[in-house]
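Trainee:
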DNA sequence: AGATAAACGAGACGGTACGTCCGGTCTTGAT
DNA sequence: ATCAAGACCGGACGTACCGTCTCGTTTATCT
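Residue numbers (our numbering), protein chains in the order written: chain H, 1 to 192; chain F, 1001 to 1192; chain Y, 2001 to 2192; chain G, 3001 to 3192.
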């Protein structure tokens, strides 16, 4: 009962990968705003039409490159040692380090610009920055243990953390590790 | 001892206002990404050069229109009744309402895109969304009253709140009023 | 001793006819310049490769469609009643009628464009417009009867007539029947 | 009572000339069909928009270059020694020489293609090939001297001559000088 | 009361990128 | 081997804006 597909040539995976990799490179080099489809196609060694055939916009290309892990370094993935507060602190420290460098800030703003323009990127933003998968669940666990004391859910808390980072990136201010640490304490600690 | 200029007409305030208003209108109609200097000049009935003479980029025009209050509705300004938690909740409610509508989400994302691209807009983002001026100071007051219990500063707390809103706007998810309310409680309540 | 081919199906005559007919239709609808191989294949319901396999260019397709009589109406074929001058006049009258209509002019110009671009079409142009087959021979007969009086050959005379038509088509001026008639008289009459 | 013109910059004559000259060069190098607006702009060192601003199509550019005498060599201009038949013969000889060379044929076919595609070029075709200005008037003089013997007008006769040349160019056959000479005799000689 | 010169509207200019169309080649699975 | 289908690389199309640069006109200030 398998779905039969039409005859004719099949999508070239080489072209697909070349385009995603070119897009990731150029994203890194020039930032989202200065990306062009033309530039991507040229760098990838493909025709423009091959990009337009499979993606509707540069945002969609970036969204897919993001999913493939071609854009953000692994470093940004949150650690998981079992110690929630420590992991949170380490993750925020990493992000803080990234935001100390102009290049890291630019990268962050580029992602934000992409997310603002393209729904697909937007929906993947939290996942891309690692705010799901770990803290959401783990903060939730902490919340569950002490439901009375923590009226906000884990997802909301991790969103607030991520939000802090984004606000700092947008306002061009570095993220002080101490600040991050304190906020983690507020958010993850039991409340009276 | 101010520097005097030689002669000739002085900057036309009519042109300046026409440009800022045209920019605000077009920002509202098309969003930041689809704004063009050419379109602004045309709508304003001025020459392109008059825009370029006084602003370096469309971002700068928008930044100034933002400062003049031509872009965001007054509604978004935070209330100040004296009851901190109530005011916070009301403000978040307003923002939540705005984010429920597609148009409001688009507006928010447009501001974010502008902030991501233009440093001036970025620096004014918090002010533009009303996160300063009130809560920062007032949360700080609350913090000062009970320094041991609240390890995060007022500014950080209001950033986290604004961040939550931004994350929701970017991920295209509405901001549930309940969520906002709970988060306010977490952030503004004394901690153990 | 004929050369046998290895295996597989033989050229599909259905595809060949479909392509020629599609080409003729599109030639009529859009003119030579706006023909595309892609359009022909689509209209014919064949693959592009099937066109490229058998013809080197769109000009060659048109040349073949011309030979098959799919492009020009039969009307343009010259009459043969035995009365040379009358036949010539009638033929020129027909062409003149065609050139009075914008559509007829466009058709004529399309053929000319095809001839200018493609050698095969060019070589068949005179045949396609019916200038051979009849007048050449018959003018030649007239010439032969009176060699002293007619220093130009029949072929040359018919070329001059066809040339007049072409010049009129290119210069977008109608061909006055009187003009044609007079020229026929000059060219076909005995000279002193 | 002079016509007042709008304010603002005026059309750049340098750009105009550069475009026409580039077009003429490329016409000569590649022929009309393989001309591109992009190529013209590049060769001229102008933006594409500057071409599109002033001309509607590549045909219009070529038409203007033709008028400026940038495309056809002066050689093709008809001589005027006073001896009509000799001048005609010399002019046809020149054209015949041009058509003997492949390059000359290609040039001629290119003009024809341009005329077939573009009305402006078409209307200027006769003028461009020198068939007006001289022979029309002079053949007409000859006709006027002997109205009974010459039922075709000078314009028509020169069209027929030009037509012969065009037919030969399209059918890729050289124009034999003898043929031309004989036809001149037929057309210009008095008729019985 | 000029003369000077900056600001203005208009928009031409050399460019870059857009998103689309088509050319000619190549690949796939079916006949 | 040929066919229908259509993906591929390439390149030109005609359009929209970019940021810079004249133009000719309109003021405000300086002499």
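Ideal Cβ positions, reconstructed from N, Cα and C, are used throughout, including at glycine.
#1: Say the cut is 6 Å; is the CB of residue 3164 of chain G nearer than that to a heavy atom of the ligand COA?
#2: Name the two residues that bound the continuous alpha helix (DSSP H) containing residue 3175 of chain G.
#3: Have a look at Y/2182, Y/2016, Y/2033 and flag the residue whose alpha-carbon is nearest the alpha-carbon of residue 2107 of chain Y.
#4: Please identify, using Cβ separations under 8 Å, the residues of the stretch 1110-1124 of chain F that lie next to chain H, in order along the chain.
#5: What residues from chain F crowd round residue 163 of chain H, counting only those whose CB sits closer than 9 Å?
#6: For a quick check, are the C-beta atoms of residue 3066 of chain G and residue 3124 of chain G less than 7 Å apart?
#7: Check whether the Cβ atoms of residue 2180 of chain Y and residue 2072 of chain Y sit closer than 7 Å, and answer yes or no.
#8: Is it buried or exposed for residue 1082 of chain F, if we count other Cβ within 10 angstroms and need 16 for buried?
#9: Quick check on residue 100 of chain H: does DSSP put it in helix, strand or coil?
#10: Beta carbons nearer than 7 Å to chain H: which residues of the stretch 1043-1073 of chain F have them?
#11: Can you give me, in chain order, the residues of the stretch 3024-3044 of chain G that have a beta carbon less than 7 Å from any beta carbon in chain Y?
#12: Which residues, in chain order, does the stretch 3169-3183 of chain G contribute to contact with chain Y at a C-beta distance below 7 Å?
#13: Determine the DSSP secondary structure at residue 181 of chain H, reduced to helix, strand or coil.
#14: Using a C-beta to C-beta distance shorter than 8 Å, which residues of chain G count as neighbours of residue 2126 of chain Y?
#15: Rounded to a whole number of angstroms, what is the C-alpha to C-alpha distance between residue 2162 of chain Y and residue 2126 of chain Y?
#16: Between which two residues does the alpha helix (DSSP H) harbouring residue 3081 of chain G extend?
#17: Would you mind giving the Cβ-Cβ distance between residue 2168 of chain Y and residue 2099 of chain Y, rounded to the nearest angstrom? I have them listed as a contact below 8 Å.
#18: With C-beta atoms as the reference, is residue 3015 of chain G less than 7 Å away from residue 3050 of chain G?
#19: With 7 Å set as the bound, which would you pick, yes or no: does the beta-carbon of residue 1001 of chain F sit closer than that to a beta-carbon of chain H?
#20: Please state the DSSP three-state secondary structure of residue 3009 of chain G.
#21: Return no unless some Cβ of chain F is closer than 7 Å to the Cβ of residue 85 of chain H.
#22: I need the boundaries of the alpha helix (DSSP H) containing residue 1060 of chain F, first residue and last residue.
#23: Are the C-beta of residue 3156 of chain G and some C-beta of chain Y separated by less than 7 Å?
#24: Taking buried to mean at least 16 other C-beta atoms within 10 Å of its own C-beta, is residue 122 of chain H buried or exposed?
#25: Classify residue 2046 of chain Y: buried if its beta carbon has 16 or more other beta carbons within 10 angstroms, exposed otherwise.
#26: Could you check how far apart the C-beta atoms of residue 3164 of chain G and residue 2159 of chain Y are, in whole angstroms? I think they sit under 8 Å.
#27: Using three-state DSSP, classify residue 2094 of chain Y as helix, strand or coil.
#28: Would you give the residue range spanned by the alpha helix (DSSP H) that residue 50 of chain H belongs to?
#29: Does residue 31 of chain H come out as helix, strand or coil in the three-state DSSP assignment?
Mentor: So, to answer that:
#1: As for the ligand COA, it is missing from this structure, which has no ligand bound.
#2: Residue 3175 of chain G sits at position 175 when you count from the first residue of the fourth chain. In this chain, residue 3175 of chain G is not harboured by any alpha helix (DSSP H), its DSSP state being neither H nor E.
#3: As a first step, residue 2107 of chain Y must be located in the third chain, where it is residue number 107. Ranking the options by Cα distance to residue 2107 of chain Y, first place goes to Y/2033.
#4: Shown in chain order are the members of the stretch 1110-1124 of chain F whose Cβ falls below 8 Å from a Cβ of chain H: 1110, 1112, 1113, 1115, 1116, 1117, 1119, 1122, 1123.
#5: Sequence index remark: in the first chain, residue 163 of chain H carries index 163 (1-based). Residues of chain F with a Cβ closer than 9 Å to the Cβ of residue 163 of chain H are, in chain order, 1159, 1160, 1161, 1162, 1163, 1164, 1165, 1166, 1167, 1168.
#6: As a first step, residue 3066 of chain G is located in the fourth chain; it is residue number 66 there, counting from the start. As a first step, residue 3124 of chain G is located in the fourth chain; it is residue number 124 there, counting from the start. For residue 3066 of chain G and residue 3124 of chain G, yes; Cβs fall inside 7 Å.
#7: On the third chain, residue 2180 of chain Y is found 180 positions in, with the first residue counted as 1. On the third chain, residue 2072 of chain Y is found 72 positions in, with the first residue counted as 1. Not closer than 7 Å, so no.
#8: Here residue 1082 of chain F refers to the residue found at position 82 of the second chain. So residue 1082 of chain F counts as exposed.
#9: Looking up residue 100 of chain H in the first chain gives position 100. Residue 100 of chain H: helix per DSSP, three-state reduction.
#10: Residues of the stretch 1043-1073 of chain F that bring their beta carbon within less than 7 Å of a beta carbon in chain H are absent altogether.
#11: The stretch 3024-3044 of chain G vs chain Y, Cβ under 7 Å: 3033.
#12: With the criterion set as a beta carbon lying under 7 Å from some beta carbon of chain Y, the members of the stretch 3169-3183 of chain G are 3170, 3171, 3172, 3179, 3182, 3183, in sequence order.
#13: Counting from 1 along the first chain, the entry for residue 181 of chain H is found at position 181. In the structure shown, residue 181 of chain H sits in a helix (DSSP, three-state: H, G or I).
#14: Within the third chain, numbered from 1, the residue matching residue 2126 of chain Y stands at position 126. Under the 8 Å cutoff, chain G gives 3167, 3171.
#15: Here residue 2162 of chain Y is taken as the residue at index 162 of the third chain, counted from 1. Here residue 2126 of chain Y is taken as the residue at index 126 of the third chain, counted from 1. Here the alpha carbons of residue 2126 of chain Y and residue 2162 of chain Y stand approximately 8 Å from one another.
#16: Position 81 of the fourth chain holds residue 3081 of chain G. Secondary structure note for residue 3081 of chain G: it is in no alpha helix (DSSP H), with a DSSP letter that is neither H nor E.
#17: The count along the third chain starts at 1 and reaches residue 2168 of chain Y at position 168. The count along the third chain starts at 1 and reaches residue 2099 of chain Y at position 99. Going by Cβ atoms, the distance from residue 2168 of chain Y to residue 2099 of chain Y rounds to 6 Å, so yes, they are a contact pair.
#18: Stepping through the fourth chain from its first residue, residue 3015 of chain G is reached at position 15. Stepping through the fourth chain from its first residue, residue 3050 of chain G is reached at position 50. Yes.
#19: Residue 1001 of chain F sits at position 1 when you count from the first residue of the second chain. Reliability of the predicted coordinates at residue 1001 of chain F is poor, the pLDDT of 41 falling under 50, and the value obtained from them is presented with this limitation in mind. No, its Cβ sits nowhere closer than 7 Å to a Cβ of chain H.
#20: Position 9 of the fourth chain holds residue 3009 of chain G. The answer is coil: DSSP assigns residue 3009 of chain G none of H, G, I, E or B.
#21: Translated into the one-based positions of the first chain, residue 85 of chain H becomes position 85. For residue 85 of chain H, the answer is no, since every Cβ of chain F falls outside 7 Å of its Cβ.
#22: As a first step, residue 1060 of chain F is located in the second chain; it is residue number 60 there, counting from the start. Residues 1058-1067.
#23: Position 156 of the fourth chain, counted from the start, is the residue given in the question as residue 3156 of chain G. Yes, its Cβ sits closer than 7 Å to a Cβ of chain Y.
#24: Taking the first chain and counting its residues from 1, one reaches residue 122 of chain H at position 122. By the neighbour-count criterion, in which a residue is buried when 16 or more other Cβ atoms sit within 10 angstroms of its Cβ, residue 122 of chain H is buried.
#25: In the third chain, counting from the first residue as 1, residue 2046 of chain Y sits at position 46. By the Cβ-count criterion, residue 2046 of chain Y is buried, with 16 or more other Cβ atoms from all chains shown falling within 10 Å of its own Cβ.
#26: Here the question's residue 3164 of chain G lines up with position 164 in the fourth chain. Here the question's residue 2159 of chain Y lines up with position 159 in the third chain. Your pair residue 3164 of chain G and residue 2159 of chain Y checks out as a contact, with CB atoms roughly 5 Å apart and the cut at 8 Å.
#27: Numbered from its first residue, the third chain carries residue 2094 of chain Y at position 94. Correct three-state label for residue 2094 of chain Y: helix.
#28: Position 50 of the first chain, counted from the start, is the residue given in the question as residue 50 of chain H. Start and end: 48-54.
#29: Mapped onto the first chain, residue 31 of chain H falls at position 31. Shown here, residue 31 of chain H sits in coil according to DSSP, grouped into three states, outside any helix or strand.
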